[in-house]
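Once you know that position 131 of the sequence shown is 132 in the working numbering, the rest is easy, because the numbers rise by one and skip nothing. Beta carbons are placed, not taken as given, at the ideal position from N, Cα and C, and that holds for glycine.
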Amino acid sequence: MNLVVDVGNTRTKLAVFDSKSLQSKVVSEMSDVLSNIKKLKKTFPKLEFAIISSVGVLDKKTMIYLEETFKLLVLSHETPVPFKNLYSTPKTLGIDRIALVCGSVQQFPNNNVLIIDAGTCITYDFINAKNEYLGGSISPGIRMRYKALHDQTAKLPLLETDIPVHYIGNSTINSINSGVVIGVLSEIDGIIDQYRSDYLDLTIILTGGDTNFLSKQLKSSIFANSNFLLEGLNFILQYNTIG
(Lines of atoms letter the chains of each structure in order from A and count residues from 1; the text may use other names and numbers.)
(Lines give C-alpha, C1' and ligand atoms only; values in the text may rest on other atoms or scores of the structure.)
Protein backbone atom coordinates (compact mmCIF):
# COMPACT_ATOMS: atom_id res chain seq x y z
CA MET A 1 0.00 0.00 0.00
CA ASN A 2 1.08 3.56 -0.72
CA LEU A 3 0.97 6.80 1.25
CA VAL A 4 0.78 10.03 -0.78
CA VAL A 5 1.81 13.26 0.96
CA ASP A 6 0.93 16.42 -0.96
CA VAL A 7 2.34 19.40 0.95
CA GLY A 8 0.73 22.72 0.07
CA ASN A 9 1.40 26.24 1.28
CA THR A 10 -1.02 26.05 4.21
CA ARG A 11 -2.40 22.50 4.33
CA THR A 12 -1.30 18.99 3.46
CA LYS A 13 -3.31 16.25 1.78
CA LEU A 14 -2.64 12.68 2.86
CA ALA A 15 -3.96 9.77 0.82
CA VAL A 16 -3.74 6.00 1.10
CA PHE A 17 -3.84 3.86 -2.04
CA ASP A 18 -4.12 0.12 -2.47
CA SER A 19 -2.77 -0.25 -5.99
CA LYS A 20 -4.87 2.32 -7.92
CA SER A 21 -7.73 2.40 -5.42
CA LEU A 22 -8.02 5.38 -3.07
CA GLN A 23 -8.72 4.04 0.42
CA SER A 24 -8.54 7.20 2.54
CA LYS A 25 -7.93 10.93 2.22
CA VAL A 26 -7.15 13.40 5.00
CA VAL A 27 -6.73 17.17 4.64
CA SER A 28 -4.42 18.20 7.47
CA GLU A 29 -3.26 21.44 9.00
CA MET A 30 0.54 21.65 8.91
CA SER A 31 0.79 21.25 12.69
CA ASP A 32 -1.12 17.95 12.59
CA VAL A 33 0.60 16.23 9.67
CA LEU A 34 2.80 13.90 11.71
CA SER A 35 -0.01 12.77 14.03
CA ASN A 36 -2.31 12.16 11.05
CA ILE A 37 0.34 10.12 9.25
CA LYS A 38 0.80 7.99 12.36
CA LYS A 39 -2.97 7.45 12.57
CA LEU A 40 -3.06 6.33 8.94
CA LYS A 41 -0.16 3.94 9.53
CA LYS A 42 -2.04 2.46 12.49
CA THR A 43 -5.25 2.13 10.46
CA PHE A 44 -3.42 0.72 7.43
CA PRO A 45 -0.48 -1.29 8.83
CA LYS A 46 0.39 -2.61 5.35
CA LEU A 47 1.48 0.87 4.24
CA GLU A 48 4.98 0.35 2.86
CA PHE A 49 5.80 3.02 0.27
CA ALA A 50 5.39 6.79 0.42
CA ILE A 51 5.83 9.77 -1.90
CA ILE A 52 6.13 13.45 -0.99
CA SER A 53 5.18 16.30 -3.30
CA SER A 54 6.17 19.47 -1.51
CA VAL A 55 5.28 23.05 -2.34
CA GLY A 56 5.62 23.93 1.34
CA VAL A 57 8.09 22.44 3.79
CA LEU A 58 7.57 19.54 6.21
CA ASP A 59 9.19 19.82 9.62
CA LYS A 60 12.23 17.72 10.48
CA LYS A 61 10.40 15.31 12.83
CA THR A 62 7.88 14.43 10.13
CA MET A 63 10.60 13.85 7.54
CA ILE A 64 12.56 11.60 9.91
CA TYR A 65 9.44 9.56 10.66
CA LEU A 66 8.66 9.15 6.95
CA GLU A 67 12.23 8.13 6.15
CA GLU A 68 12.36 5.60 8.98
CA THR A 69 8.87 4.15 8.47
CA PHE A 70 8.42 3.97 4.69
CA LYS A 71 10.33 3.35 1.50
CA LEU A 72 10.22 7.03 0.63
CA LEU A 73 10.32 8.82 -2.72
CA VAL A 74 10.67 12.62 -2.67
CA LEU A 75 9.36 13.92 -5.99
CA SER A 76 11.81 16.18 -7.82
CA HIS A 77 12.68 17.20 -11.36
CA GLU A 78 15.11 14.26 -11.50
CA THR A 79 12.42 11.68 -10.68
CA PRO A 80 11.77 9.38 -13.68
CA VAL A 81 8.34 10.02 -15.21
CA PRO A 82 6.44 8.26 -18.03
CA PHE A 83 6.36 11.13 -20.53
CA LYS A 84 8.73 13.26 -22.62
CA ASN A 85 9.10 16.72 -21.09
CA LEU A 86 9.52 19.41 -23.76
CA TYR A 87 9.20 22.34 -21.35
CA SER A 88 12.05 24.73 -22.15
CA THR A 89 12.81 25.28 -18.44
CA PRO A 90 12.07 21.86 -16.89
CA LYS A 91 13.63 22.73 -13.53
CA THR A 92 11.08 25.53 -13.05
CA LEU A 93 8.09 23.30 -13.78
CA GLY A 94 6.08 22.82 -10.60
CA ILE A 95 6.16 19.26 -9.33
CA ASP A 96 2.40 19.42 -8.81
CA ARG A 97 2.06 19.99 -12.56
CA ILE A 98 4.36 17.04 -13.22
CA ALA A 99 2.08 14.87 -11.08
CA LEU A 100 -1.02 16.05 -12.94
CA VAL A 101 0.52 15.15 -16.29
CA CYS A 102 1.45 11.71 -14.94
CA GLY A 103 -2.16 11.23 -13.89
CA SER A 104 -3.26 11.91 -17.46
CA VAL A 105 -0.72 9.41 -18.82
CA GLN A 106 -2.13 6.74 -16.53
CA GLN A 107 -5.82 7.41 -17.13
CA PHE A 108 -5.83 8.68 -20.73
CA PRO A 109 -2.78 7.16 -22.49
CA ASN A 110 -2.01 8.25 -26.05
CA ASN A 111 -4.57 11.07 -25.93
CA ASN A 112 -4.37 14.83 -26.32
CA VAL A 113 -5.13 15.93 -22.75
CA LEU A 114 -5.57 19.39 -21.23
CA ILE A 115 -5.43 19.33 -17.42
CA ILE A 116 -6.91 22.37 -15.65
CA ASP A 117 -6.06 22.69 -11.97
CA ALA A 118 -8.29 25.34 -10.37
CA GLY A 119 -6.74 26.14 -7.02
CA THR A 120 -4.76 29.08 -5.63
CA CYS A 121 -3.65 29.56 -9.22
CA ILE A 122 -5.30 28.11 -12.30
CA THR A 123 -2.79 26.03 -14.23
CA TYR A 124 -3.26 24.59 -17.70
CA ASP A 125 -1.05 21.67 -18.76
CA PHE A 126 -1.10 19.94 -22.14
CA ILE A 127 0.27 16.57 -23.19
CA ASN A 128 -0.26 15.33 -26.74
CA ALA A 129 -1.09 11.90 -28.11
CA LYS A 130 2.63 11.30 -28.72
CA ASN A 131 3.21 11.41 -24.94
CA GLU A 132 4.97 14.76 -25.21
CA TYR A 133 4.39 17.43 -22.56
CA LEU A 134 4.36 20.81 -24.32
CA GLY A 135 3.58 23.18 -21.43
CA GLY A 136 0.56 25.33 -20.69
CA SER A 137 -0.25 28.50 -18.76
CA ILE A 138 -0.78 29.94 -15.28
CA SER A 139 -3.29 32.54 -14.14
CA PRO A 140 -4.70 33.78 -10.80
CA GLY A 141 -7.26 31.54 -9.11
CA ILE A 142 -10.71 32.60 -7.95
CA ARG A 143 -9.78 33.50 -4.37
CA MET A 144 -6.65 35.31 -5.52
CA ARG A 145 -8.80 37.50 -7.78
CA TYR A 146 -11.25 38.37 -5.02
CA LYS A 147 -8.36 39.13 -2.67
CA ALA A 148 -6.51 41.24 -5.25
CA LEU A 149 -9.56 43.43 -5.84
CA HIS A 150 -9.80 44.07 -2.10
CA ASP A 151 -6.07 44.45 -1.38
CA GLN A 152 -5.19 46.60 -4.38
CA THR A 153 -8.05 49.08 -4.06
CA ALA A 154 -9.21 51.48 -1.36
CA LYS A 155 -12.88 50.58 -1.03
CA LEU A 156 -13.77 47.29 -2.72
CA PRO A 157 -14.88 44.68 -0.14
CA LEU A 158 -13.43 41.19 0.24
CA LEU A 159 -16.24 38.82 -0.72
CA GLU A 160 -16.82 35.12 -0.38
CA THR A 161 -16.97 33.17 -3.64
CA ASP A 162 -20.51 33.23 -5.01
CA ILE A 163 -22.33 32.47 -8.24
CA PRO A 164 -23.21 35.76 -9.99
CA VAL A 165 -26.85 36.79 -10.11
CA HIS A 166 -26.39 38.06 -13.68
CA TYR A 167 -23.49 38.87 -15.96
CA ILE A 168 -24.50 42.54 -15.65
CA GLY A 169 -23.84 43.42 -12.02
CA ASN A 170 -26.32 45.96 -10.65
CA SER A 171 -24.38 46.57 -7.42
CA THR A 172 -20.74 46.55 -6.35
CA ILE A 173 -21.11 43.08 -4.82
CA ASN A 174 -22.84 41.70 -7.92
CA SER A 175 -20.27 43.40 -10.18
CA ILE A 176 -17.36 41.81 -8.31
CA ASN A 177 -18.96 38.35 -8.41
CA SER A 178 -19.67 38.78 -12.10
CA GLY A 179 -16.17 40.02 -12.90
CA VAL A 180 -14.39 37.30 -10.97
CA VAL A 181 -16.52 34.22 -11.59
CA ILE A 182 -17.72 34.90 -15.12
CA GLY A 183 -14.22 36.12 -15.92
CA VAL A 184 -12.75 32.78 -14.79
CA LEU A 185 -15.40 30.76 -16.62
CA SER A 186 -14.88 32.76 -19.81
CA GLU A 187 -11.11 32.34 -19.49
CA ILE A 188 -11.35 28.57 -19.09
CA ASP A 189 -13.86 28.12 -21.91
CA GLY A 190 -11.80 30.42 -24.14
CA ILE A 191 -8.55 28.54 -23.51
CA ILE A 192 -10.31 25.22 -24.14
CA ASP A 193 -11.56 26.59 -27.47
CA GLN A 194 -8.00 27.61 -28.40
CA TYR A 195 -6.70 24.09 -27.77
CA ARG A 196 -9.63 22.51 -29.61
CA SER A 197 -8.90 24.63 -32.67
CA ASP A 198 -5.57 22.79 -32.98
CA TYR A 199 -6.47 19.46 -31.36
CA LEU A 200 -9.99 18.32 -32.30
CA ASP A 201 -9.67 15.11 -30.30
CA LEU A 202 -9.10 16.65 -26.88
CA THR A 203 -9.73 15.24 -23.41
CA ILE A 204 -10.20 17.88 -20.69
CA ILE A 205 -9.64 17.26 -16.98
CA LEU A 206 -10.72 19.73 -14.29
CA THR A 207 -9.26 19.31 -10.83
CA GLY A 208 -8.27 21.38 -7.80
CA GLY A 209 -10.10 23.01 -4.92
CA ASP A 210 -12.63 24.89 -7.08
CA THR A 211 -13.58 21.84 -9.17
CA ASN A 212 -17.09 21.44 -7.79
CA PHE A 213 -17.85 25.16 -7.98
CA LEU A 214 -16.74 25.48 -11.60
CA SER A 215 -17.63 22.15 -13.20
CA LYS A 216 -21.40 22.69 -13.45
CA GLN A 217 -21.00 26.21 -14.84
CA LEU A 218 -18.56 25.50 -17.67
CA LYS A 219 -19.88 25.21 -21.22
CA SER A 220 -17.26 22.67 -22.27
CA SER A 221 -17.51 18.92 -21.70
CA ILE A 222 -14.98 17.93 -19.03
CA PHE A 223 -13.97 15.17 -16.65
CA ALA A 224 -14.10 16.59 -13.12
CA ASN A 225 -11.87 14.82 -10.60
CA SER A 226 -10.80 16.58 -7.42
CA ASN A 227 -8.37 13.74 -6.57
CA PHE A 228 -6.50 13.79 -9.88
CA LEU A 229 -3.25 15.15 -8.39
CA LEU A 230 -3.21 12.49 -5.67
CA GLU A 231 -3.83 9.79 -8.26
CA GLY A 232 -0.98 11.15 -10.37
CA LEU A 233 1.41 11.07 -7.39
CA ASN A 234 0.40 7.51 -6.63
CA PHE A 235 1.12 6.57 -10.25
CA ILE A 236 4.59 8.15 -10.06
CA LEU A 237 5.30 6.10 -6.94
CA GLN A 238 4.12 2.91 -8.66
CA TYR A 239 6.15 3.77 -11.76
CA ASN A 240 9.30 4.11 -9.67
CA THR A 241 8.76 1.06 -7.45
CA ILE A 242 7.07 -1.64 -9.55
CA GLY A 243 7.55 -0.22 -13.06
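Distance, Cα to Cα, residue i vs residue j?
i, j, result
"Ile-169", "Asp-202", "34 Å"
"Phe-236", "Thr-242", "10 Å"
"Gln-218", "Ile-52", "34 Å"
"Leu-87", "Thr-173", "44 Å"
"Ile-65", "Leu-74", "13 Å"
"Phe-297", "Pro-141", "The structure shown has nothing for residue 297, since the chain only spans 2 to 244."
"Leu-59", "Gly-9", "10 Å"
"Lys-47", "Thr-93", "35 Å"
"Ser-89", "Thr-44", "43 Å"
"Thr-162", "Leu-23", "29 Å"
On the premise that residue j lies in contact with residue i, defined as a C-beta separation below 8 Å, what is that separation, rounded to the nearest angstrom?
i, j, result
"Ile-248", "Pro-158", "Residue 248 lies beyond the residue range present for the chain, which begins at 2 and ends at 244; the question has no answer from this structure."
"Ala-119", "Gly-180", "With 8 Å as the limit, Ala-119 and Gly-180 do not qualify as a contact, their Cβ atoms being about 17 Å apart."
"Leu-238", "Asn-3", "5 Å"
"Asp-19", "Leu-230", "Incorrect: roughly 18 Å between the Cβ atoms, too far for contact."
"Thr-212", "Ser-227", "5 Å"
"Thr-70", "Lys-42", "7 Å"
"Leu-135", "Tyr-196", "That pair is no contact at about 10 Å."
"Val-106", "Ile-139", "Their Cβ separation, rounded to whole angstroms, is 21 Å, which puts Val-106 and Ile-139 out of contact at 8 Å."
"Ile-143", "Ile-189", "At roughly 11 Å, the Cβ-Cβ gap does not stay under 8 Å, so Ile-143 and Ile-189 are not in contact."
Taking residue i as the reference, give the member of the options with the closest Cα.
i, options, result
"Asp-194", "Thr-212, Gln-107 and Tyr-125", "Tyr-125"
"Gly-95", "Lys-26, Ile-123 and Gln-107", "Ile-123"
"Lys-131", "Thr-63, Tyr-200, Gln-153 and His-167", "Tyr-200"
"Arg-146", "Asn-178, Asp-60 and Asn-171", "Asn-178"
"Glu-232", "Ile-206, Lys-220 and Ser-216", "Ile-206"
"Gln-108", "Ser-198, Thr-11 and Lys-21", "Lys-21"
"Thr-11", "Val-28, Glu-188 and Asn-171", "Val-28"
"Lys-220", "Leu-234, Leu-186 and Gly-137", "Leu-186"
"Thr-204", "Phe-224, Lys-72 and Glu-68", "Phe-224"
How would you label residue i, buried or exposed, when you count the other beta carbons within 10 angstroms and need 16 or more for buried?
i, result
"Gly-191", "exposed"
"Glu-49", "exposed"
"Ser-54", "buried"
"Val-6", "buried"
"Thr-208", "buried"
"Glu-30", "exposed"
"Asn-111", "exposed"
"Asn-171", "exposed"
Does the distance between the C-beta of residue i and the nearest non-hydrogen atom of the ligand ADP fall short of 7 Å?
i, result
"Asp-190", "Ligands displayed in this structure: none; no statement on the ligand ADP is therefore possible."
Query raised in the report: Three or more beta-carbon pairs under 8 Å between the region 101 to 113 and the region 80 to 87, yes or no?
Result: yes
Query raised in the report: Using 8 Å as the threshold, is the region 2 to 19 in touch with the region 31 to 40, meaning 3 or more CB pairs across them?
Result: yes
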